[in-house]
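Asker:
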Amino acid sequence: MKKYLALFRTSWQVALTYRASFLMFFVVSVIQTVFLLYLWFAIYDQGGKIGDYNFQEILTYYLLQFVLNGIVSTFISWDIITEIKEGGFSNYFLKPIDYFRWQATINYASKIVEILFIIVGVGIASFFLFREFVLPPASGLMLFHMVILTLLATLLSFILEFLIGMAAFWITEAFSFKFLTMTITRFFAGNILPLSLLPVPLIVASQFTPFPYLSYVPVQIYLGRITDIGSAYIGIVFWIILLYFTARWVYRMGIKKYEAVGS
Amino acid sequence: MFTRILKIYGLFLAQNIKKEMMYRTSFFILIVIDFIAISVPVIFFQVLFSDVDTIGGWGFPAILILVGSVSFLREMAYLTFREGLGALGEQIRTGRFDVLLTKPFPTQLLVAFREISLVESLGEGVVGFLLIVYGFTHLEIDVSLLHVAAYVLLLFVSFILYYSIVLLINTVAFWIVRAESLGALMWTFMEMARYPREILRGIGKIFFTFVIPISLVATVPSAALAGNIKPDQVALLLFLTVAFFILATFVWKKGIQHYNSASS
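Order-wise, the sequence lines are chains C and S.
Reminder that position 192 of the first sequence reads as 192 in this note's numbering, one-by-one numbering, no gaps.
Reminder that position 74 of the second sequence reads as 74 in this note's numbering, one-by-one numbering, no gaps.
1. Compute the Euclidean distance between the alpha carbons of A184 (chain S) and P212 (chain C), then round it to the nearest angstrom.
2. The alpha helix (DSSP H) that contains D98 (chain S), what's its start and end?
3. Taking DSSP as the reference, what is the three-state secondary structure of I176 (chain S)?
4. Quick one: is V119 (chain S) buried, meaning 16 or more other Cβ sit within 10 Å of its Cβ, or exposed?
5. With H, G and I counted as helix, E and B as strand and the rest as coil, what does DSSP make of Y53 (chain C)?
6. Consider the Cβ of I184 (chain C): report whether some Cβ of chain S lies at a distance smaller than 9 Å.
7. In angstroms, rounded to a whole number, what distance separates the CA positions of F127 (chain C) and F113 (chain S)?
8. Under 8 Å Cβ to Cβ from A14 (chain S), same chain only, skipping five residues before and after it: list those, please.
9. Among the residues of its own chain, which have a CB less than 6 Å from the CB of L94 (chain C), if the five just before and after it don't count?
10. Could you tell me which of C:L37, C:N54, C:G70 and C:E57 sits nearest to L214 (chain C), measuring between CA atoms?
11. Quick check: is the beta carbon of M21 (chain S) nearer than 9 Å to any beta carbon in chain C?
12. Is the separation between the beta-carbon of L195 (chain C) and that of F188 (chain C) shorter than 9 Å?
13. Applying the 10 Å Cβ sphere with the 16-neighbour rule, what's the burial state of F208 (chain C)?
14. Between L64 (chain S) and V42 (chain S), is the Cβ-Cβ spacing less than 9 Å?
15. How would you write the range of the alpha helix (DSSP H) that S39 (chain S) sits in, first residue to last?
16. Just curious, the alpha helix (DSSP H) that M272 (chain C) is in, first and last residue?
17. Does the count of Cβ pairs from the segment 220-234 of chain S and the segment 244-252 of chain S closer than 8 Å reach three?
18. Use the C-beta contact count for T150 (chain C): other C-beta atoms within 10 angstroms, 16 or more gives buried, fewer gives exposed.
19. When DSSP labels each residue in this structure, what does W170 (chain C) get in the three-state scheme?
20. Could you pull the DSSP bridge partners for I55 (chain S) from this structure?
21. Can the beta-carbon of L152 (chain C) be found less than 9 Å from the beta-carbon of Y233 (chain C)?
22. If the cut is a Cβ gap below 9 Å, which residues of chain C does V126 (chain S) touch?
23. Mind listing the chain S neighbours of G48 (chain C)? Cutoff is C-beta to C-beta under 7 Å, in chain order.
24. Which chain S residues sit within Cβ distance under 8 Å of Q32 (chain C)?
25. Looking at chain S, which residues of the segment 145-172 of chain C have a Cβ within less than 9 Å of any of its Cβ atoms?
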């Protein structure tokens, strides 16, 4: 019994630290979104217009970005980097488990709580607060596609995070690397600006990355700005498959490197 | 005393630069990160200003000064206190804080100087400075040295305010052991200092003026440089700086007392 208690306690501690980083992420996103909303209010009040977005569209865009980004984002790379750097990773060699699936399980277990928290707590509250400005989905079917694509995006996001975590096998500044990828991810997922408003070279660049599928594409589908649903599904499935095999391969390489250091 | 502080500071700086130069890749990575990190707000505002002329009374060159000033302030902070105060919680948890208390040097400065870093935010500082210069030379007004002087003075005041906020946030560590994540919060607040203060209204304006006064930190000096100095905002900045400095010092002293009584 004692060992299970110990296990319970560690899992609990892990869950708590994880929760803390989620809470942090959450507070940070709220602050960022609040400032962006102030900015849009100020710009549209003085009669300005950003790109081809009217006020309702831009407001809906950012609120949806906030909700979807919260659902999709994950922080497992943080744990992976810590485990690899501090040596805790060695424990996994002794356990009859698959590291990728192990992390995926942890990820999805915590996701459920987070998703409820975001959707119930804030999503609905903010939509209620701004209800006169929020646009309904382009159609019920589009809403359905957005939900399915978002669920797929959680998988894409997980694999991406797993890959980022793998960087710890090779570089000592894995945390800085993580920060770098986070900035790029957020930018190309359309968190900061709708991608269609960016300078052309950046729009082109974004199309060669998986990041728009994390939240930009689902939001565009909700708004009815992307109607080619087929390509959206093909795109995200393509990236999931490609990155899954890459992650598996990089993981095997990483293990070799890790064992070589130990010997 | 002042020369002694400078001497100690110089020793820490030399020591930490040596440490940082040991990791070349780290140096390179940090520069790249900084470059990308500062590109994001510049691109953001560039896109906005392709559709509007001003935001809350700020033109594009003035906004560049604002964006640059935040980065410049941040590098100044990394060069003096940012990481050190952030590590206060760790010092307390590991008990190393005891040792610092016994040194014949102001403890607060000792904590601050320990982790000073030249390269952590160097890329941002340099690009920030270039943005300030670029913005300043592209203003559509007659600029004078008076603007520059006002800017430098007010930036120094803002620096003290920034220091006081960071100190205040981190002294929480005396009571709550795990307080590191508050550093990430401070980072976000400084990112938000890049927005013109004029866009805020209602409760947000009150909060980011009196509770976390980041809506003044970069905007007041930047407005002065852009020739748009607002006396009431300058007064507010001065008042809040004094208030926060006194408050932070008071909480710090309370914290030390609490720490002493806890370990006895």
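Note that the Cβ used here is the ideal one computed from N, Cα and C, for glycine as well.
Source: prediction; values computed, not measured.
Answerer: According to the data block:
1. Here residue 184 (chain S) refers to the residue found at position 184 when the second sequence is read from its first residue. Here residue 212 (chain C) refers to the residue found at position 212 when the first sequence is read from its first residue. So the two alpha carbons sit approximately 25 Å from each other.
2. On the second sequence, residue 98 (chain S) is found 98 positions in, with the first residue counted as 1. Unbroken alpha helix (DSSP H) run through D98 (chain S): R96 to T102.
3. Translated into the one-based positions of the second sequence, residue 176 (chain S) becomes position 176. It is coil, neither helix nor strand.
4. For the purposes of this step, residue 119 (chain S) is taken as the residue at position 119 of the second sequence. It is buried - the Cβ of V119 (chain S) has at least 16 other Cβ atoms within 10 Å.
5. Residue mapping note: residue 53 (chain C) aligns to position 53 of the first sequence, counting from 1. Strand, per DSSP.
6. As a working note, residue 184 (chain C) is residue 184 in the first sequence. Cβ-Cβ to chain S under 9 Å: yes for I184 (chain C).
7. Against the first sequence, residue 127 (chain C) aligns to sequence position 127. Against the second sequence, residue 113 (chain S) aligns to sequence position 113. Their Cα atoms are separated by approximately 46 Å.
8. Stepping through the second sequence from its first residue, residue 14 (chain S) is reached at position 14. The answer is none, since no qualifying residue turns up.
9. Within the first sequence, the letter at position 94 stands for residue 94 (chain C). No residues qualify anywhere along the chain.
10. For the purposes of this step, residue 214 (chain C) is taken as the residue at position 214 of the first sequence. Nearest of C:L37, C:N54, C:G70 and C:E57 to L214 (chain C), Cα basis: C:G70.
11. As a first step, residue 21 (chain S) must be located in the second sequence, where it is residue number 21. No - not a single Cβ of chain C is within 9 Å of the one on M21 (chain S).
12. Counting from 1 along the first sequence, the entry for residue 195 (chain C) is found at position 195. Counting from 1 along the first sequence, the entry for residue 188 (chain C) is found at position 188. Going by C-beta atoms, L195 (chain C) is nearer than 9 Å to F188 (chain C).
13. Position 208 of the first sequence, counting from 1, holds the residue named residue 208 (chain C). Exposed: under 16 other Cβ atoms inside 10 Å.
14. On the second sequence, position 64 is the one that residue 64 (chain S) refers to. On the second sequence, position 42 is the one that residue 42 (chain S) refers to. Contact: yes.
15. The residue you call residue 39 (chain S) lines up with position 39 of the second sequence. R24 to F49 is the extent of the alpha helix (DSSP H) around S39 (chain S).
16. An answer regarding residue 272 (chain C) cannot be provided, because it is not within the stretch 1 to 263 covered by chain C.
17. no
18. Mapped onto the first sequence, residue 150 (chain C) falls at position 150. It counts as buried.
19. Residue numbering aside, residue 170 (chain C) sits at position 170 when the first sequence is read from its first letter. W170 (chain C) falls in the coil class under three-state DSSP.
20. Counting from one through the second sequence, the residue named residue 55 (chain S) turns up at place 55. For I55 (chain S), which the question treats as bridged, DSSP gives the partners S:W58.
21. By one-based count along the first sequence, residue 152 (chain C) stands at place 152. By one-based count along the first sequence, residue 233 (chain C) stands at place 233. Yes, these two residues count as a Cβ contact at 9 Å.
22. By 1-based counting over the second sequence, the position of residue 126 (chain S) is 126. In chain order: nothing, as chain C lies at least about 18 Å away.
23. In the first sequence, the residue the question calls residue 48 (chain C) occupies position 48. Per Cβ cutoff of 7 Å: D51 and V52.
24. Taking the first sequence and counting its residues from 1, the one referred to as residue 32 (chain C) is at position 32. Simply T188, E191 and M192.
25. I171 and T172
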